[in-house]
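K.L.:
One structure is given below, represented as structure tokens, and several questions about it will come after.
There are 2 protein chains.
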Amino acid sequence: MKTLAKKVFESLPYPRVVIVGGGFAGLSLVRRLANKPFKVTLVDKNNFHTFQPLLYQVATASLTPDSIAYPFRKMIGPMDNVIFRMAKVESVDWEAKELVTSVGRLPYDILVLATGSTTNFFGNRDMAAKAMQLKTVGQALDIRSDFLQNFERAVALSDTNQTDEQRKVLHFVIVGGGPTGVEVAGALAEIKNKILTSEYREVDPQQMDITVIDAGPRLLFGMSEESSARAKQYLEKLGVGILLDTQVQGYDGETVRLSNGQEIETETVIWAAGVKGNPIPGLKEEAYLPNGRVLVDEYNTIQGHEYVFALGDMAQMVTEAYPKGHPMMAQPAMQQADHFAKNLLRLSRKKQPLPFSYRDKGSMATIGRHRAVAEIGNLKLGGGLAWYVWMGVHILFLIGFRNRMAVLFNWAVKYFSYSNTIRLIVRPFVRSSS
Amino acid sequence: MKTLAKKVFESLPYPRVVIVGGGFAGLSLVRRLANKPFKVTLVDKNNFHTFQPLLYQVATASLTPDSIAYPFRKMIGPMDNVIFRMAKVESVDWEAKELVTSVGRLPYDILVLATGSTTNFFGNRDMAAKAMQLKTVGQALDIRSDFLQNFERAVALSDTNQTDEQRKVLHFVIVGGGPTGVEVAGALAEIKNKILTSEYREVDPQQMDITVIDAGPRLLFGMSEESSARAKQYLEKLGVGILLDTQVQGYDGETVRLSNGQEIETETVIWAAGVKGNPIPGLKEEAYLPNGRVLVDEYNTIQGHEYVFALGDMAQMVTEAYPKGHPMMAQPAMQQADHFAKNLLRLSRKKQPLPFSYRDKGSMATIGRHRAVAEIGNLKLGGGLAWYVWMGVHILFLIGFRNRMAVLFNWAVKYFSYSNTIRLIVRPFVRSSS
Chain A
1 MKTLAKKVFE
11 SLPYPRVVIV
21 GGGFAGLSLV
31 RRLANKPFKV
41 TLVDKNNFHT
51 FQPLLYQVAT
61 ASLTPDSIAY
71 PFRKMIGPMD
81 NVIFRMAKVE
91 SVDWEAKELV
101 TSVGRLPYDI
111 LVLATGSTTN
121 FFGNRDMAAK
131 AMQLKTVGQA
141 LDIRSDFLQN
151 FERAVALSDT
161 NQTDEQRKVL
171 HFVIVGGGPT
181 GVEVAGALAE
191 IKNKILTSEY
201 REVDPQQMDI
211 TVIDAGPRLL
221 FGMSEESSAR
231 AKQYLEKLGV
241 GILLDTQVQG
251 YDGETVRLSN
261 GQEIETETVI
271 WAAGVKGNPI
281 PGLKEEAYLP
291 NGRVLVDEYN
301 TIQGHEYVFA
311 LGDMAQMVTE
321 AYPKGHPMMA
331 QPAMQQADHF
341 AKNLLRLSRK
351 KQPLPFSYRD
361 KGSMATIGRH
371 RAVAEIGNLK
381 LGGGLAWYVW
391 MGVHILFLIG
401 FRNRMAVLFN
411 WAVKYFSYSN
421 TIRLIVRPFV
431 RSSS
Chain B
1001 MKTLAKKVFE
1011 SLPYPRVVIV
1021 GGGFAGLSLV
1031 RRLANKPFKV
1041 TLVDKNNFHT
1051 FQPLLYQVAT
1061 ASLTPDSIAY
1071 PFRKMIGPMD
1081 NVIFRMAKVE
1091 SVDWEAKELV
1101 TSVGRLPYDI
1111 LVLATGSTTN
1121 FFGNRDMAAK
1131 AMQLKTVGQA
1141 LDIRSDFLQN
1151 FERAVALSDT
1161 NQTDEQRKVL
1171 HFVIVGGGPT
1181 GVEVAGALAE
1191 IKNKILTSEY
1201 REVDPQQMDI
1211 TVIDAGPRLL
1221 FGMSEESSAR
1231 AKQYLEKLGV
1241 GILLDTQVQG
1251 YDGETVRLSN
1261 GQEIETETVI
1271 WAAGVKGNPI
1281 PGLKEEAYLP
1291 NGRVLVDEYN
1301 TIQGHEYVFA
1311 LGDMAQMVTE
1321 AYPKGHPMMA
1331 QPAMQQADHF
1341 AKNLLRLSRK
1351 KQPLPFSYRD
1361 KGSMATIGRH
1371 RAVAEIGNLK
1381 LGGGLAWYVW
1391 MGVHILFLIG
1401 FRNRMAVLFN
1411 WAVKYFSYSN
1421 TIRLIVRPFV
1431 RSSS
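Top to bottom, those sequences are chains A and B. My numbering numbers the first residue of the first sequence as 1 and each following residue consecutively. My numbering numbers the first residue of the second sequence as 1001 and each following residue consecutively.
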């Protein structure tokens, strides 16, 4: 990065910064570069930012999609030096220094790749073909429609006493005991206990099962053993089955085969067992590590690419404290983006850039009403207190006043009604059905 | 209906009432029969009621779908004598008195058809194949995604100076000058004036056009000439082109051909020119009038079907005051349902049923901020006053406290921000994309 100063900043009045991806990293960078001496272009395949930590609440009918998605143009409207292009990246013309996209070529002086992560099936083809994922708004809405449709089918199966078929339709298997897996399981368990009981009177709630499967020895592996134990206890209290040290070996759309020999009849498997770097067309195969991330130095430079940088989930910055790179979460992405922006501004003022260092602000997960685990520094919280902290932090990090209010409104309705109200089955619409 | 009393009410303790369709008619009937001596089954292909008068605001990014859609089960949860089946009707077994659905057979003593209306293309095949409709939540979301995607394409076309192509992408043609057409046109015009100007800086707003086409001599034909003139004036002030006494003769997806010889290059045609009764499988061809509705007497009985009734849009009740049946709107549907419920209750108490008569409570349409027309009795309102009346009436008739609050919230955000904020392009998701 140090060599950039002369080449880019001394030859041009306003270096052109092209940012691919408007997740936590990309959007933080855009905000930091707003009204600064750069010409910024944000490129994303969607026209909105997705607040991924709350996606699971869209999938479980607690939040509306609009409350956690934010249109990019609403943010950059007042930023005179920022433009947005909704486009897919097709390749990079390294010679001409142009990003080739579905809507044309975008010339850059500095290219920033912040394409985030995608679901990692670890080569499990059955799962890649049959399991549901939870990385996009579309996927979350699909999970919502699916589980609601399963409930409706369960009612119809009651009419004909097909109890075995009903158990299969009402068994929800979640692979992966990280925050997403734990949070989805908790939310589904609450739906079983509150909504299935009161609004699907024809169905015996005992017919519904939720099972979390993890290959490791405990849930929430990124947190302390204390928090893992708490999360397990909370989930068990809600009636969730937990299978640890267990791997999924196959799934044909009806039966999950497990490494312990067990089989589970189910029509719904949600895969939350891992993520990998989201590749960008144009980068050479060699650039990628086995986990799909791209190796960067502590200035976020991609090796061998002087003008090209990677931020967030897709960037693996190996340091002494983090030999496997930073965790693939919002915090490192935002901190890297903030730091990278500072470095660009330093360079524009002819100062030397500074290496990045990550400050761990903690992690947390919620498991139903009044129950969560949170770790902040040495502090380990559980129960209701952690739940309120979890809510506060998420509201704080949401983008835009309207979305904060919308989430608060949705949560207030849920809190006082004990009901997940956003239960619409909306399927892809095919024009001209007549 | 009078003969029902003996056959149904004297032989059974609780007559089984099966209601097909949970629109205004079906849902009103369900609410009136709640906790009364009937066993009620509501059947609908969706799991939610759609408040159709506000669908156009979902299509134009002002309201979230959940704010105008209400899950049936949330309503019938506390009603002990009502159950819900999400199902498609396949046929009716008149002999066995059973409704045959995609989830099994539902026996009835009294069958109520309230399937509403569907888009009427009046035989225009081009339009049926290429135009967008606005009768369901899915269609509204599709219009929303489409116009937002057109805006994004318009930005990309600016990069390459393709101004002709850009005009085509930004020309929105609405066929039909009734309330829906007028309301959609007004909302799009506001988006042009506020959002296109501020958030799509690369696009010259003059490139965007909105045209309303109607075959008749004036807009809002169901209202007075005074209101028609007002609506026209409001739309013209907002920059909307209006073509009256004009018919659409063809559309190939790129060019609309009109009866006056004019051609309009456009990629977006929204068809709001008419509705027809929504047919139900199982009813004989002869039962339908040319407009797709079913003739009923003033007790809502379908001719020749002693135990079968039709309510709302799909029922054509010919009276002296309404020789063509009641208007296909929410009010007649709700009033018929309320009256029909009263008649059922009268029969159960061995009283004679009473013939229905419609009380016209007026009609209204809104055309952008602070502008609407409303007619209540002899009172003809316009401007800001009509706009507030319009809002109040719609909030009042929405179902459920949560939805009222959600609509108020969305409206408040829009009012104070001058911005349509719910601008997410969400397309059908295809599983296993990797």
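No residue lacks a Cβ here, since even glycine has one placed at the ideal position from N, Cα and C.
#1: Taking H394 of chain A and L54 of chain A to be in contact with their CB atoms under 8 Å, please state how far apart those CB atoms are, rounded to whole angstroms.
#2: State the beta-bridge partners of S363 of chain A as determined by DSSP.
#3: What would DSSP say about M132 of chain A, mapped onto helix, strand or coil?
#4: Can you tell me the Cβ-Cβ gap for A1365 of chain B and P1071 of chain B, rounded? I've got them flagged as a contact below 8 Å.
#5: Are K1380 of chain B and S1224 of chain B touching if we call contact CB-CB under 8 Å?
#6: Give a yes or no on whether the minimum CB-CB distance between S434 of chain A and chain B is below 8 Å.
#7: How would you label S102 of chain A, buried or exposed, when you count the other beta carbons within 10 angstroms and need 16 or more for buried?
#8: For A1129 of chain B and G1250 of chain B, what's the separation of their Cα atoms in angstroms?
#9: Please name the residue or residues paired with L1099 of chain B in a DSSP beta bridge.
#10: Sort out for me which residues DSSP pairs W271 of chain A with in a bridge.
#11: With a cut-off of 8 Å, does the C-beta of I110 of chain A fall near any C-beta of chain B?
#12: Could you check what DSSP says for L436 of chain A in three-state terms: helix, strand or coil?
#13: Comparing C-alpha positions only, which one of A:A406, A:G362, A:G400 sits nearest to V389 of chain A?
#14: With 16 as the cutoff for other CB atoms within 10 Å, does K276 of chain A come out buried or exposed?
#15: Please name the residue in A:I110, A:A337, A:V240 whose C-alpha comes closest to that of Y358 of chain A.
#16: Residues of the segment 35-55 of chain A with a CB closer than 9 Å to any CB of chain B: list them in chain order, please.
#17: Can you tell me which of A:P332, A:L424, A:F340 puts its alpha carbon nearest to the alpha carbon of R31 of chain A?
#18: Could you tell me how far apart the beta carbons of K941 of chain B and S1067 of chain B are, in whole angstroms, since I believe they sit closer than 8 Å?
#19: So for Q1162 of chain B, helix, strand or coil by DSSP?
#20: Checking contacts by CB at 8 Å: is I270 of chain A closer than that to chain B?
#21: Tell me which same chain residues have a C-beta within less than 6 Å of the C-beta of G1177 of chain B, skipping the five on either side of it?
#22: Quick one: list the residues of chain A neighbouring R1402 of chain B, beta-carbon separation under 8 Å, in chain order.
#23: I think L1398 of chain B touches F1051 of chain B, with their Cβ atoms under 8 Å apart; what is that distance to the nearest whole Å?
#24: Does any residue of chain B have a CB that is nearer than 8 Å to the CB of I425 of chain A?
#25: Using a Cβ-Cβ cut-off of 6 Å (strictly less than) and excluding sequence neighbours within five positions of M79 of chain A, which residues of its own chain qualify?
#26: Note down, in chain order, every chain E residue with its Cβ under 8 Å from the Cβ of L148 of chain A.
#27: Can you give me the Cβ contacts of Y407 of chain A inside the same chain, cut-off strictly under 8 Å, excluding the 5 residues immediately before and after it?
#28: Could you check the C-alpha separation between G1253 of chain B and L1141 of chain B for me, to the nearest Å?
#29: Are the C-beta atoms of K1074 of chain B and some chain A residue less than 8 Å apart?
#30: Using C-beta distances below 7 Å, list every residue in its chain close to I195 of chain A, excluding the 5 sequence neighbours before and after it, in chain order.
#31: Expressed to the nearest angstrom, what Euclidean distance is found between the alpha-carbon atoms of E1375 of chain B and D209 of chain A?
#32: How is the alpha helix (DSSP H) around Y70 of chain A delimited, first residue to last?
#33: Please identify, using Cβ separations under 8 Å, the residues of the segment 1154-1169 of chain B that lie next to chain A, in order along the chain.
#34: Note down the Cα distance separating R1083 of chain B from G1377 of chain B, rounded to an integer number of angstroms.
#35: Can we say the segment 114-123 of chain A touches the segment 164-171 of chain A, given the rule of at least three CB pairs closer than 8 Å?
#36: CB-CB under 6 Å to G1241 of chain B, same chain, minus the five flanking residues each way: which ones, in chain order?
P.N.:
Straight from the coordinates:
#1: What you label residue 394 of chain A is simply residue 394 of the first sequence in a count that begins at 1. What you label residue 54 of chain A is simply residue 54 of the first sequence in a count that begins at 1. Contact between H394 of chain A and L54 of chain A holds: their C-beta atoms lie close to 6 Å from each other, under 8 Å.
#2: Against the first sequence, residue 363 of chain A aligns to sequence position 363. Bridge partners of S363 of chain A: A:E375.
#3: On the first sequence, residue 132 of chain A is found 132 positions in, with the first residue counted as 1. Residue state for M132 of chain A is assigned as strand, using DSSP reduced to three classes.
#4: The residue given as residue 1365 of chain B occupies position 365 in the second sequence. The residue given as residue 1071 of chain B occupies position 71 in the second sequence. No, A1365 of chain B and P1071 of chain B are not in contact; Cβ-Cβ is about 28 Å, not under 8 Å.
#5: Counting from 1 along the second sequence, the entry for residue 1380 of chain B is found at position 380. Counting from 1 along the second sequence, the entry for residue 1224 of chain B is found at position 224. Closer than 8 Å, so yes.
#6: Within the first sequence, residue 434 of chain A is the residue found at index 434, counting from 1. Confidence at S434 of chain A is low in this model, with a pLDDT of 32, below 50, so the placement of that residue should be treated as unreliable; the coordinate-derived value is given next. Residue contact with chain B for S434 of chain A: present (Cβ-Cβ distance below 8 Å to some residue of chain B).
#7: What you label residue 102 of chain A is simply residue 102 of the first sequence in a count that begins at 1. If you draw a 10 Å sphere on the C-beta of S102 of chain A, you find fewer than 16 other C-beta atoms in it, and that means exposed.
#8: Numbered from its first residue, the second sequence carries residue 1129 of chain B at position 129. Numbered from its first residue, the second sequence carries residue 1250 of chain B at position 250. Approximately 11 Å, taken between the alpha carbons.
#9: To locate residue 1099 of chain B, count along the second sequence from 1; it is residue 99. Listed as beta-bridge partners of L1099 of chain B by DSSP are B:V1092, B:L1106.
#10: Counted from its first residue, the first sequence places residue 271 of chain A at position 271. Beta-bridge pairing by DSSP links W271 of chain A to A:V175.
#11: Here residue 110 of chain A refers to the residue found at position 110 when the first sequence is read from its first residue. Output row for I110 of chain A: interface = no.
#12: No answer is possible for residue 436 of chain A: the residues shown for chain A start at 1 and end at 434.
#13: On the first sequence, position 389 is the one that residue 389 of chain A refers to. For V389 of chain A, the closest alpha carbon among the candidates A:A406, A:G362, A:G400 is that of A:G362.
#14: For the purposes of this step, residue 276 of chain A is identified with residue 276 of the first sequence, where counting begins at 1. For K276 of chain A, the number of other beta carbons within 10 angstroms of its own is at least 16, and it is reported as buried.
#15: Your numbering for residue 358 of chain A matches position 358 in the first sequence. Taking only the C-alpha atoms, the option nearest Y358 of chain A is A:A337.
#16: Flagged, chain order: N46, N47, F48.
#17: Counting from 1 along the first sequence, the entry for residue 31 of chain A is found at position 31. When the alpha-carbon of R31 of chain A is set against those of A:P332, A:L424, A:F340, the nearest one is in A:F340.
#18: The displayed coordinates of chain B run from 1001 to 1434. Any statement about residue 941 of chain B would go beyond what the structure contains.
#19: The residue you call residue 1162 of chain B lines up with position 162 of the second sequence. Assigned with DSSP and collapsed to three states, Q1162 of chain B falls in coil, not helix or strand.
#20: For this step, residue 270 of chain A is matched to residue 270 along the first sequence. Using a Cβ-Cβ cut-off of 8 Å, I270 of chain A does not count as an interface residue toward chain B, since no Cβ of chain B sits closer than that to its own.
#21: Position 177 of the second sequence, counting from 1, holds the residue named residue 1177 of chain B. Excluding residues up to 5 positions away in sequence, V1212, D1214, L1219 lie with their Cβ nearer than 6 Å to the Cβ of G1177 of chain B in the same chain.
#22: Within the second sequence, the letter at position 402 stands for residue 1402 of chain B. Taking a Cβ-Cβ cut-off of 8 Å, the neighbours of R1402 of chain B in chain A comprise V413, S417, T421, given in sequence order.
#23: For the purposes of this step, residue 1398 of chain B is taken as the residue at position 398 of the second sequence. For the purposes of this step, residue 1051 of chain B is taken as the residue at position 51 of the second sequence. Correct: roughly 6 Å between the Cβ atoms.
#24: On the first sequence, residue 425 of chain A is found 425 positions in, with the first residue counted as 1. Yes, its Cβ sits closer than 8 Å to a Cβ of chain B.
#25: Stepping through the first sequence from its first residue, residue 79 of chain A is reached at position 79. Cβ within range, chain order: A34.
#26: Absent from the structure is chain E; the protein chains it does hold are A and B.
#27: For this step, residue 407 of chain A is matched to residue 407 along the first sequence. The sequence shown places Val at residue 407 of chain A, rather than the Tyr named in the question. Shown here for V407 of chain A: same chain residues with a beta carbon closer than 8 Å to its own, the five before and five after excluded, namely L54, L63, S67, I68, H394, I395, L398 in chain order.
#28: Taking the second sequence and counting its residues from 1, the one referred to as residue 1253 of chain B is at position 253. Taking the second sequence and counting its residues from 1, the one referred to as residue 1141 of chain B is at position 141. Going by C-alpha positions, G1253 of chain B is about 20 Å away from L1141 of chain B.
#29: The sequence position of residue 1074 of chain B within the second sequence is 74, counting from 1. Interface residue, yes.
#30: On the first sequence, residue 195 of chain A is found 195 positions in, with the first residue counted as 1. Closer than 7 Å at Cβ, skipping near neighbours: S419, N420.
#31: For the purposes of this step, residue 1375 of chain B is taken as residue 375 along the second sequence, with counting starting at 1. For the purposes of this step, residue 209 of chain A is taken as residue 209 along the first sequence, with counting starting at 1. Taking the straight line from one Cα to the other gives about 55 Å.
#32: Residue 70 of chain A sits at position 70 when you count from the first residue of the first sequence. Y70 of chain A -> not in any alpha helix (DSSP H); beta strand (DSSP E) instead, spanning 69-71.
#33: So the close ones are V1155, A1156, D1159, T1160.
#34: Taking the first residue of the second sequence as 1, we reach residue 1083 of chain B at position 83. Taking the first residue of the second sequence as 1, we reach residue 1377 of chain B at position 377. In the sequence as displayed, the identity of residue 1083 of chain B is Ile instead of Arg. So the alpha carbons of these two residues sit roughly 38 Å apart.
#35: Counting Cβ pairs under 8 Å, fewer than three are found: no touch.
#36: Your numbering for residue 1241 of chain B matches position 241 in the second sequence. Excluding positions up to five away in sequence, the list reads T1211.
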